[in-house]
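Chemist:
Chains as they are written, first to last, in our numbering: chain H, 1 to 327; chain X, 1001 to 1231.
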């Protein structure tokens, strides 16, 4: 087929496809809802354009028709394929299906993370019991002076800083820790491991120091409302990051990029499922935990209830998740 | 002019598609513009927070600032890419777009993933992009995405008649000439090139020139002889 004949015969198809692409574009340039007939028609024309592009590339390289078909084939591929054309799942679907099933797939790794955390905590506790001066390193001299006077450093949360500012500061700080632990997973899982071990070590050491000053009860009363879930969320976020690192290091028989992509989808779902809880926890940490008016029993019940609510959501029997990505 | 690097992928029916991959230079420039935009939006947010904290909710300025800057820090790029079909402000200005490794539109998940590891990519991203033929940073590898150049749709004239024996090279030259003839700085050069093309037509297919006014503008004569229509 000569060039002129090729252009004359095929051009109407290209122009019709261009017109259809323009027709279904909304103000943001994305696909508008099109009927089945239109989509079927477009799919057929897209295929014809691809074949014309292949023919023009081989027979008439560098011509205007070949260049036009190349840009049309690329635009058609971008607009008609990929995940962007799918509507993202709603919050309900996410918390009913996506998050629980992703969380449950990581339970084995979470077990290892919890064990590492406990080991680090025991190590910190032992070190603090043997050498209480280690508290200076973790808490600073001012907090130690307060402990000597029988006062926890946490009391300054309500006396020196407005509660709204404390809660936003705590929420953003915890969220940053969780996001860093997750994203650092791509460095072969080293950052989440560091976060887990450091948090375990600090908790153990601080508990040991407060035991030394006979203030451990006060500390446990302070953290009883928010501490359990806060640690759980940080460990779960770190587990999600660690799963990314594991996929990169031990990809098995798949290419590393593919293994990381698959792990990334699950671990992102777990991370996103954790993030809203940090905001709730920051409010509890500022308004409930340091308040002397709230009895210790109520704080403990609140802490258990929050932990229970999170675990119930995460461990609920998830309905069969579709193979389509939900986020 | 430097050629844009193209990487081949296999599309539907195993047809080869050449993606115009954006390199380190254009991506770094887009990122610079984006961070500039982030700085402006961040400053504007601080001003808005001060106004809100003094006029509407007294004493809440630090809260607005802390929460707003945190959201901007982690969400500025991701939200723009999700709402803008893979484009941020910098990418729009440089005509770049994020696509999947298959050339399709990425979903919200991959766009979120590639932006959550952005802080790490500030350190190792440039080196990875320089070494990778597809210029992927860490976030791209994790999310399975690429950044490509967006090009305007080809609007060069398509020839309706072709002298026998002309190959793709001749066709491409004539089409390119007709597309750019009006914008050539010196009309005499355009006329001279048109005359040379007319000579070739006269030699290879004189019948195509039948009925044309010999005194007409040579560029118009070439267009008429080959029935070149705007693409």
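The beta-carbon is built from N, C-alpha and C at its ideal position, and this holds for glycine as well.
Output, in sequence order along the chain, the residues in the stretch 1069-1088 of chain X whose CB is closer than 8 Å to any CB in chain H.
Modeler: Within the stretch 1069-1088 of chain X, the residues whose Cβ lies closer than 8 Å to some Cβ of chain H are 1070, 1074, 1083, 1084, 1085 and 1086, listed in chain order.
Chemist: Taking 9 Å as the threshold (beta carbon to beta carbon), is residue 1026 of chain X in contact with chain H?
Modeler: It does not: the Cβ of residue 1026 of chain X has no partner Cβ on chain H nearer than 9 Å.
Chemist: Which stretch, first to last residue, makes up the beta strand (DSSP E) that contains residue 1020 of chain X?
Modeler: From DSSP, the beta strand (DSSP E) with residue 1020 of chain X extends over 1016-1020.
Chemist: What did DSSP end up calling residue 1180 of chain X once you bin it into helix, strand or coil?
Modeler: Note: residue 1180 of chain X maps to helix in three-state DSSP.
Chemist: I'd like the list of long-range same chain contacts for residue 335 of chain H, defined as Cβ closer than 6 Å, with 5 residues on each side in sequence excluded.
Modeler: Because residue 335 of chain H is not part of the residues shown, which for chain H are 1 to 327, the question remains open.
Chemist: Excluding five sequence neighbours on each side, which residues of the same chain lie with their C-beta closer than 8 Å to the C-beta of residue 136 of chain H?
Modeler: Closer than 8 Å at the Cβ level, and outside the excluded window around residue 136 of chain H, lie 144.
Chemist: My guess is that residue 289 of chain H and residue 225 of chain H are in contact by the Cβ rule of under 8 Å, so how many angstroms apart are they, rounded?
Modeler: Going by Cβ atoms, the distance from residue 289 of chain H to residue 225 of chain H rounds to 5 Å, so yes, they are a contact pair.
Chemist: Exposed or buried, what is residue 293 of chain H when buried is set at 16 or more other beta-carbons lying within 10 Å of its beta-carbon?
Modeler: Exposed, by the Cβ-count rule.
Chemist: Could you round the C-beta distance between residue 1226 of chain X and residue 1159 of chain X to whole angstroms and report it? I think they count as a contact, below 8 Å.
Modeler: The Cβ separation is near 5 Å, so the contact holds.
Chemist: Residues of the stretch 1057-1068 of chain X in Cβ contact with chain H at a cutoff of 8 Å, in chain order, please.
Modeler: Flagged, chain order: 1059, 1060, 1062, 1063, 1066 and 1067.
Chemist: Could you spell out where the alpha helix (DSSP H) holding residue 1006 of chain X opens and where it closes?
Modeler: No alpha helix (DSSP H) holds residue 1006 of chain X; the beta strand (DSSP E) holding it covers 1006-1010.
Chemist: Is there a Cβ from chain H that is less than 9 Å from the Cβ of residue 1218 of chain X?
Modeler: So, not an interface residue.
Chemist: Is DSSP giving residue 1238 of chain X helix, strand or coil here?
Modeler: Within the shown structure, residues of chain X are numbered from 1001 to 1231, placing residue 1238 of chain X beyond reach of any answer.
Chemist: Can you name the start and end residues of the alpha helix (DSSP H) that residue 1054 of chain X belongs to?
Modeler: Residue 1054 of chain X -> alpha helix (DSSP H) spans 1024-1055.
Chemist: Please state whether the Cβ-Cβ distance between residue 1153 of chain X and residue 75 of chain H is less than 9 Å.
Modeler: Against a cut-off of 9 Å, the Cβ pair of residue 75 of chain H and residue 1153 of chain X comes out as a contact.
Chemist: Residue 167 of chain H and residue 310 of chain H - do their beta-carbons sit closer together than 9 Å?
Modeler: Contact flag unset, no.
Chemist: With a threshold of 8 Å on Cβ separation, who are the neighbours of residue 1223 of chain X within its own chain once the five nearest residues in sequence on each side are excluded?
Modeler: Cβ neighbours of residue 1223 of chain X beyond the five flanking positions: 1157 and 1178.
Chemist: For chain H, check one thing: does any of its Cβ atoms lie closer than 9 Å to the Cβ of residue 1102 of chain X?
Modeler: Chain H contact via Cβ: present.
Chemist: If you scan the stretch 1052-1090 of chain X from start to end, which runs of the beta strand (DSSP E) of 3 or more residues do you find wholly inside it?
Modeler: Runs of the beta strand (DSSP E) inside the stretch 1052-1090 of chain X: none found.
Chemist: For residue 273 of chain H and chain X, any beta-carbon pair shorter than 9 Å?
Modeler: Cβ-Cβ to chain X under 9 Å: no for residue 273 of chain H.
Chemist: Given a cut-off of 9 Å on the beta-carbon distance, is the pair residue 1121 of chain X and residue 1138 of chain X in contact?
Modeler: Closer than 9 Å, so yes.
Chemist: Can you grab the Cα-Cα spacing for the pair residue 99 of chain H / residue 109 of chain H, in whole Å?
Modeler: Using only the alpha carbons, I get a separation of about 16 Å.
Chemist: Whose C-beta lies closer than 8 Å to the C-beta of residue 1176 of chain X among residues of the same chain, with five residues either side of it excluded?
Modeler: Taken in chain order, the residues that qualify are 1156.
Chemist: Is there a Cβ from chain X that is less than 9 Å from the Cβ of residue 323 of chain H?
Modeler: For residue 323 of chain H, the predicted model reports a pLDDT of 46, less than 50, meaning its position is unreliable; a value from the coordinates is still stated below. By this cut-off, residue 323 of chain H is not an interface position.
Chemist: Considering only residues of the stretch 1132-1189 of chain X, which uninterrupted alpha helix (DSSP H) runs meet the minimum length of 4 residues and lie entirely inside it, listed in chain order?
Modeler: Complete alpha helix (DSSP H) runs here, min 4: 1138-1143 and 1168-1180.
Chemist: Flag residue 1021 of chain X as yes if its beta-carbon sits less than 9 Å from any beta-carbon of chain H, otherwise no.
Modeler: No - not a single Cβ of chain H is within 9 Å of the one on residue 1021 of chain X.
Chemist: For residue 1100 of chain X, which residues in the same chain have their Cβ closer than 8 Å to its Cβ, ignoring the five residues on either side in sequence?
Modeler: Result list for residue 1100 of chain X: 1106, 1110, 1144, 1145 and 1146, in chain order.
Chemist: Could you please tell me which residues of the stretch 1032-1044 of chain X, in chain order, have their CB closer than 8 Å to any CB of chain H?
Modeler: Cβ contacts with chain H come from no residue of the stretch 1032-1044 of chain X.
Chemist: Check this for me: beta carbons of residue 961 of chain X and residue 1082 of chain X, under 9 Å apart or not?
Modeler: A query on residue 961 of chain X cannot be resolved here, the shown segment of chain X reaching from 1001 to 1231 and no further.
Chemist: Applying the criterion that 16 or more other CB atoms from any shown protein chain within 10 Å of the CB defines a buried residue, is residue 1030 of chain X buried or exposed?
Modeler: With 16 or more Cβ atoms within 10 Å of its Cβ, residue 1030 of chain X is classed as buried.
Chemist: Since residue 288 of chain H is in the alpha helix (DSSP H), which residue starts that stretch and which ends it?
Modeler: Segment: none, residue 288 of chain H is in no alpha helix (DSSP H) and carries neither H nor E.
Chemist: Can you name the residues that DSSP bridges to residue 235 of chain H?
Modeler: Answer is none; residue 235 of chain H lacks a bridge partner.
Chemist: Find the residues of chain H that neighbour residue 1206 of chain X, judging by a C-beta separation of less than 9 Å, and give them in chain order.
Modeler: Near residue 1206 of chain X there are no residues of chain H at all, since even the closest Cβ is about 17 Å away, more than 9 Å.
Chemist: Going by other Cβ atoms of all chains shown within 10 Å of its Cβ, with 16 needed for buried, is residue 15 of chain H buried or exposed?
Modeler: Its Cβ having fewer than 16 others within 10 Å, residue 15 of chain H is exposed.
Chemist: Count the C-beta pairs between the stretch 200-218 of chain H and the stretch 253-269 of chain H that are closer than 8 Å, then say yes if the count reaches three, no if not.
Modeler: At 8 Å Cβ cutoff, the stretches do not touch.
Chemist: At 4 residues or longer, and completely inside the stretch 160-229 of chain H: list those alpha helix (DSSP H) runs for me, N to C.
Modeler: You should have 163-183, 190-212 and 216-223.
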